[in-house]
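Since the structure comes first, as structure tokens, the remarks are kept for the end.
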Amino acid sequence: MDERIREHARTLVDWSARIEAGDDVVLSVAEGAHELAVAVAEELGVRDANLVTLYGSSEVDRAYTRAHSGEFDEDPEYERALYEHADAVLRLGGGRNTTEGADVPAEKRQAKGRARQGIREARMDTDWVSTVHPTRALAQQAGMSYAEYQEFVYDAVLRDWEELADEMATMKELLDEGSEVRIVKEDTDLTMSIEGRTAVNSAASVAYDSHNLPSGEVFTAPHATEGEVFFDVPMTINSQRVRNVHLTFEDGEVVDFAAEQNEDAIAEVLDTDEGARRLGELGIGMNRGIDRFTDSILFDEKMGDTVHLAVGRAYESNFPEGSEGEANDSAVHVDMITDMSEDSRMEIDGEVVQRNGTFRWEDGFEG
Numbered sequence: 045m046d047e048r049i050r051e052h053a054r055t056l057v058d059w060s061a062r063i064e065a066g067d068d069v070v071l072s073v074a075e076g077a078h079e080l081a082v083a084v085a086e087e088l089g090v091r092d093a094n095l096v097t098l099y100g101s102s103e104v105d106r107a108y109t110r111a112h113s114g115e116f117d118e119d120p121e122y123e124r125a126l127y128e129h130a131d132a133v134l135r136l137g138g139g140r141n142t143t144e145g146a147d148v149p150a151e152k153r154q155a156k157g158r159a160r161q162g163i164r165e166a167r168m169d170t171d172w173v174s175t176v177h178p179t180r181a182l183a184q185q186a187g188m189s190y191a192e193y194q195e196f197v198y199d200a201v202l203r204d205w206e207e208l209a210d211e212m213a214t215m216k217e218l219l220d221e222g223s224e225v226r227i228v229k230e231d232t233d234l235t236m237s238i239e240g241r242t243a244v245n246s247a248a249s250v251a252y253d254s255h256n257l258p259s260g261e262v263f264t265a266p267h268a269t270e271g272e273v274f275f276d277v278p279m280t281i282n283s284q285r286v287r288n289v290h291l292t293f294e295d296g297e298v299v300d301f302a303a304e305q306n307e308d309a310i311a312e313v314l315d316t317d318e319g320a321r322r323l324g325e326l327g328i329g330m331n332r333g334i335d336r337f338t339d340s341i342l343f344d345e346k347m348g349d350t351v352h353l354a355v356g357r358a359y360e361s362n363f364p365e366g367s368e369g370e371a372n373d374s375a376v377h378v379d380m381i382t383d384m385s386e387d388s389r390m391e392i393d394g395e396v397v398q399r400n401g402t403f404r405w406e407d408g409f410e411g
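Be aware that the sequence shown starts at 45, since it is given in the numbering used here, and climbs by one per residue.
Spelled out as structure tokens, the structure:
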């Protein structure tokens with residue numbers, strides 16, 4: 045086995061999920077991630093954790109959803125109970141075809157998502173962490189050779205997370221002390237309130253309320269959003285390639301939208317439920333180990349020089365204790381990314397904290 049896979053597994057189990065002896069762990073494994081699953085299982089065994097392993101397949105999920113009547117039972121108890129009794133859920137992404145679900149009817153996908161909302165909540169109440177094992181399908185989606193993609197993944201995952209956490213603490217402090225964020229670039233002038241919110245220093249560990257490996261972002265839950273924003277980084281949403289998305293907000297809600305390619309994918313997301321037209325997240329990418337776009341939200345949203353916004357569900361970790369019920373509720377959480385590397389600025393309470401992708405504490409910042 046490639047030693048980098050073992051190091052990935054150790055980072056996931058120790059730094060990210062903080063697994064201890066006796067912890068009840070659900071290991072969810074996508075197609076193509078078997079080798080990483082073996083390494084993770086070994087690490088869990090060394091720590092005397094308890095393990096249940098689930099193997100998933102996008103082909104199986106497609107077949108089931110397409111054949112179903114669309115009247116899905118709400119939160120089947122046998123599935124929900126698994127997560128309600130788990131201490132941690134480790135999700136290993138991979139896959140053989142990144143667009144396998146492209147022909148699943150939108151109404152069935154939406155209905156299934158709404159019916160499983162309680163199960164998602166139960167899973168997210170655990171110390172869950174999502175990561176990805178480099179597969180040939182993901183390499184192809186990224187436009188890279190398999191060997192090149194492996195290097196890319198491990199450069200992003202296997203890094204000094206404590207050092208990055210210290211750097212990102214500066215951005216967290218600015219957001220925690222701020223009241224309003226403004227993003228300005230071509231076709232974008234968006235303001236949003238961050239009053240009464242708590243930013244998360246997402247340093248790839250549950251100890252930081254962070255649940256992705258790799259991570260490398262600081263995020264919060266904005267509200268009272270006004271203006272327009274242009275997302276110029278291509279992405280795949282519900283197995284459809286989407287390009288050049290434009291959203292217009294009034295009174296905190298999306299009132300108009302457009303996309304150059306597969307606009308219907310955006311419509312499907314926004315029509316899921318009432319909360320899908322409000323923002324659930326503002327995230328600021330700070331992982332300089334990610335140096336190119338790969339059409340994978342797990343990596344692309346963490347890239348330095350980017351800002352991402354998610355419509356839909358907000359994370360309760362962004363709300364002070366006692367105010368978690370204020371979080372925007374939705375069956376979806378869909379991130380979209382804008383490139384801040386040129387002719388752009390981000391302000392907090394009128395002060396520029398990032399210009400052309402460079403933060404004010406970095407060399408080369410122009411005030």
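Heads up, the beta-carbon is just placed ideally off N, CA and C, and yes, glycines get one too.
Query: Looking only at C-alpha atoms, which of Asp-117, Asn-331, Met-45 sits nearest to Ala-83?; Result: Met-45
Query: What are the boundary residues of the beta strand (DSSP E) that includes Phe-275?; Result: 267-275
Query: Can you give, in chain order, each stretch of the beta strand (DSSP E) that sits fully within the region 279-304 and has at least 3 residues?; Result: 279-281, 284-294
Query: Using C-beta distances below 8 Å, list every residue in its chain close to Glu-192, excluding the 5 sequence neighbours before and after it, in chain order.; Result: Ala-183
Query: Is the distance from the Cβ of Ala-320 to the Cβ of Ile-310 below 7 Å?; Result: no
Query: Measure the Cβ-Cβ separation of Leu-208 and Leu-134 and say whether it is below 7 Å.; Result: no
Query: Find the nearest neighbour of Glu-307 within the set Leu-323, Val-289, Val-298, judged by alpha-carbon distance.; Result: Val-289
Query: By Cβ distance below 7 Å, which residues in the same chain neighbour Arg-160 in space, the five residues on each side in sequence not counted?; Result: Asp-119
Query: Going by Cα to Cα distance, which pick from Asn-400, Tyr-190, Ala-130 is closest to Gly-76?; Result: Tyr-190
Query: Decide yes or no for the touch test of the region 250-259 against the region 275-283: beta carbon pairs closer than 8 Å, at least 3 of them.; Result: no
Query: Just verifying my parser: in three-state terms, what is the DSSP assignment at Met-168?; Result: helix
Query: Would you call the region 352-369 and the region 261-270 touching, i.e. three or more CB-CB distances under 8 Å?; Result: yes
Query: Assuming Gly-100 and Val-73 make a contact with CB atoms under 8 Å, what is their CB distance in whole Å?; Result: 7 Å
Query: The alpha helix (DSSP H) spanning Leu-202 covers which residue range?; Result: Segment: none, Leu-202 is in no alpha helix (DSSP H) and carries neither H nor E.
Query: Report the start-end ranges of each beta strand (DSSP E) in the region 97-178 that is 3 residues or longer and not cut off at the edges.; Result: 132-137, 171-176
Query: Under 7 Å, do Ala-53 and Arg-91 count as touching if we go by C-beta distance?; Result: no
Query: Would you report the Cα separation of Tyr-122 and Glu-47, rounded to the nearest angstrom?; Result: 37 Å
Query: Identify which residue in Val-225, Thr-402, Met-380 has its Cα closest to the Cα of Glu-395.; Result: Val-225
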